[in-house]
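In my numbering, the protein residues as written are 792 to 1243.
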């Protein structure tokens, strides 16, 4: 069995003469110009079509069901969908004559292997899909809402799972978050149960399937505000949870998996079907307006604040934080319990920034100066101008919390008690338990009288 990652949710699974193509989108910009593939791809669509013997559409959402792409395939090609009448009608309306709607756990034989639909606890009919050939198998979770019992049953039904993919940022939760229909964060309970479902399946290898879309053109502003997680972060979390029992990979278009006798081999960029292509940079997740955080006046102030912020964090803030941790005072208990890495971003103006981090995951807090930590999950963005005035005693620390001189946000997921978890609170209830180390220290009282 060979699996080729084609981009975002689309994969081609080939076994014997079977070529099962899941959720294909051939266009780089789609959804009326609102979405684009990221990273951009150079896709040999005709070669993909030639190697496809069956199509699968996991659900009707526009980043999975793309009529212009489906219209390029022969209408006699078998197409498998969930038992969702609007989707069934839509694919039949495209002219497909061999449409099969699968119910949860229902199987469909192929020329050599078979398909098996897995369920979703969502009001919209959707499914995950397993492709099976003897002892070799691939479970494609898609956007299905699943709990660990589903993963356990997948393993029971298949005997063993060779390779699985797990969602981590389904479009519906991103849109709900953007509209303000969700809380201040994504539905992390959905994410953590999905991760645990993948773990319960105990695959030989696993990858976060979302390799990418982004908002495009006039809609690109939304990239700053949604999609907090990156595949590498989720992969690291899954590795911590699963240990050496499962190989966890971060994938991109053109990557391949080869499965034989239950063994799984991964090859980055091995496919000739698709290659990464140049494309515009995508604004990373940063749900603040940096223009509201004033910087400092000139290069002399930049140099002063660079040196002084390093010193204050190393000589004052870090020992103060560690003293609270040693005394179990409660002030930073959640930082340790949730295995957080605090990232401090000091805005100097003209797009210049200082980056410092404190890692709370070990027995002692560790400071990383001039460093963007790859596992950061709590973020403080501080106005360099406000910080300079406070450090020089030209203003009190109230400029931070009264006048908006800093912003705090988080994206905490962690492994605790043998499972991937999210904090039990959100919004202000959580932030009250996550005092910002730098600005909280500066409001505590008189500081050592150092040079100004």
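Think of the CB as a built atom: it goes at the ideal place given N, C-alpha and C, for glycine as much as any other residue.
Given the structure is predicted, the values throughout are model-derived calculations rather than measurements.
Among the options, whose alpha-carbon lies nearest the alpha-carbon of residue i?
{"i": "residue 1175", "options": "850, 1149, 1168, 1186", "result": "1186"}
{"i": "residue 985", "options": "810, 903, 930, 1038", "result": "930"}
{"i": "residue 1127", "options": "1197, 1150, 1028", "result": "1150"}
{"i": "residue 892", "options": "903, 905, 912, 870", "result": "870"}
{"i": "residue 1197", "options": "1171, 901, 842, 1222", "result": "1171"}
{"i": "residue 959", "options": "980, 950, 805", "result": "980"}
{"i": "residue 1206", "options": "888, 831, 990, 926", "result": "990"}
{"i": "residue 1138", "options": "1118, 1034, 1010, 1089", "result": "1089"}
{"i": "residue 852", "options": "843, 881, 838, 1143", "result": "881"}
{"i": "residue 1111", "options": "860, 1048, 1229, 1142", "result": "1229"}
{"i": "residue 890", "options": "899, 879, 898", "result": "879"}
{"i": "residue 1210", "options": "988, 1224, 1147, 1018", "result": "988"}
{"i": "residue 1202", "options": "1212, 1193, 1208", "result": "1212"}
{"i": "residue 902", "options": "914, 952, 887, 922", "result": "922"}
{"i": "residue 1221", "options": "1115, 1129, 1018", "result": "1129"}
{"i": "residue 1016", "options": "1223, 1061, 1167, 1078", "result": "1078"}
{"i": "residue 1059", "options": "998, 1072, 1117", "result": "998"}
{"i": "residue 1188", "options": "1227, 1143, 1234", "result": "1234"}
{"i": "residue 894", "options": "863, 887, 850", "result": "850"}
{"i": "residue 1143", "options": "1118, 1086, 865", "result": "1086"}
{"i": "residue 801", "options": "865, 1119, 920", "result": "920"}
{"i": "residue 1010", "options": "1061, 1103, 1073, 1091", "result": "1073"}
{"i": "residue 1217", "options": "833, 1169, 823", "result": "1169"}
{"i": "residue 1050", "options": "1014, 1096, 994", "result": "994"}
{"i": "residue 1080", "options": "1140, 1154, 1117", "result": "1140"}
{"i": "residue 1113", "options": "1095, 1154, 1096", "result": "1154"}
{"i": "residue 949", "options": "897, 1120, 913", "result": "897"}
{"i": "residue 928", "options": "865, 1115, 947, 911", "result": "947"}
So who's on the other strand from residue i, going by DSSP bridges?
{"i": "residue 1182", "result": "DSSP output for residue 1182 lists no bridge partner at all."}
{"i": "residue 930", "result": "921, 955"}
{"i": "residue 1149", "result": "1133, 1158"}
{"i": "residue 828", "result": "1004"}
{"i": "residue 821", "result": "826"}
{"i": "residue 813", "result": "802, 847"}
{"i": "residue 1017", "result": "Its beta-bridge partners do not exist; DSSP assigns none."}
{"i": "residue 1047", "result": "795, 1058"}
{"i": "residue 1038", "result": "996"}
{"i": "residue 1201", "result": "1169"}
{"i": "residue 1144", "result": "1138"}
{"i": "residue 871", "result": "847, 891"}
{"i": "residue 984", "result": "Answer is none; residue 984 lacks a bridge partner."}
{"i": "residue 808", "result": "Bridge partners of residue 808: none, in fact."}
{"i": "residue 1206", "result": "1211"}
{"i": "residue 833", "result": "1066"}
{"i": "residue 1174", "result": "1138"}
Report, in whole angstroms, the separation of the C-beta atoms of residue i and residue j, which I expect to be a contact under 8 Å.
{"i": "residue 1055", "j": "residue 996", "result": "4 Å"}
{"i": "residue 814", "j": "residue 875", "result": "The Cβ separation is near 14 Å, so there is no contact."}
{"i": "residue 1195", "j": "residue 1083", "result": "7 Å"}
{"i": "residue 1066", "j": "residue 1045", "result": "5 Å"}
{"i": "residue 1152", "j": "residue 1132", "result": "7 Å"}
{"i": "residue 1109", "j": "residue 1156", "result": "6 Å"}
{"i": "residue 1052", "j": "residue 926", "result": "6 Å"}
{"i": "residue 873", "j": "residue 916", "result": "5 Å"}
{"i": "residue 1003", "j": "residue 828", "result": "7 Å"}
{"i": "residue 952", "j": "residue 932", "result": "Not quite, the Cβ-Cβ distance comes to about 11 Å (not below 8 Å), so this is no contact."}
{"i": "residue 1204", "j": "residue 888", "result": "Contact doesn't hold; Cβ gap of about 45 Å is too wide."}
{"i": "residue 812", "j": "residue 846", "result": "5 Å"}
Thinking C-beta only, is residue j closer than 8 Å to residue i?
{"i": "residue 992", "j": "residue 1022", "result": "no"}
{"i": "residue 1100", "j": "residue 1178", "result": "yes"}
{"i": "residue 918", "j": "residue 935", "result": "yes"}
{"i": "residue 868", "j": "residue 843", "result": "yes"}
{"i": "residue 1006", "j": "residue 825", "result": "yes"}
{"i": "residue 899", "j": "residue 858", "result": "no"}
{"i": "residue 1165", "j": "residue 1076", "result": "no"}
{"i": "residue 1040", "j": "residue 1027", "result": "no"}
{"i": "residue 1070", "j": "residue 1224", "result": "no"}
{"i": "residue 1000", "j": "residue 1107", "result": "no"}
{"i": "residue 808", "j": "residue 792", "result": "no"}
{"i": "residue 1289", "j": "residue 1104", "result": "This structure cannot speak to residue 1289, because the chain is shown only from 792 to 1243."}
{"i": "residue 1136", "j": "residue 1093", "result": "no"}
{"i": "residue 817", "j": "residue 883", "result": "no"}
Counting only beta-carbon separations shorter than 8 Å, does residue i have a partner in chain D?
{"i": "residue 1047", "result": "Absent here is chain D; the protein component of the structure consists of one chain."}
Check whether the region 1058-1065 and the region 795-814 touch, using three or more Cβ-Cβ pairs below 8 Å as the test.
The answer is yes - the region 795-814 touches the region 1058-1065, with three or more Cβ pairs under 8 Å.
Would you check if the region 1158-1168 and the region 1113-1126 touch, i.e. whether three or more CB-CB distances between them fall below 8 Å?
Result no; under three Cβ-Cβ pairs closer than 8 Å.
Are the region 893-906 and the region 834-841 in contact at 8 Å, needing three or more beta carbon pairs?
The region 893-906, when compared against the region 834-841, does not touch it at the 8 Å Cβ threshold.
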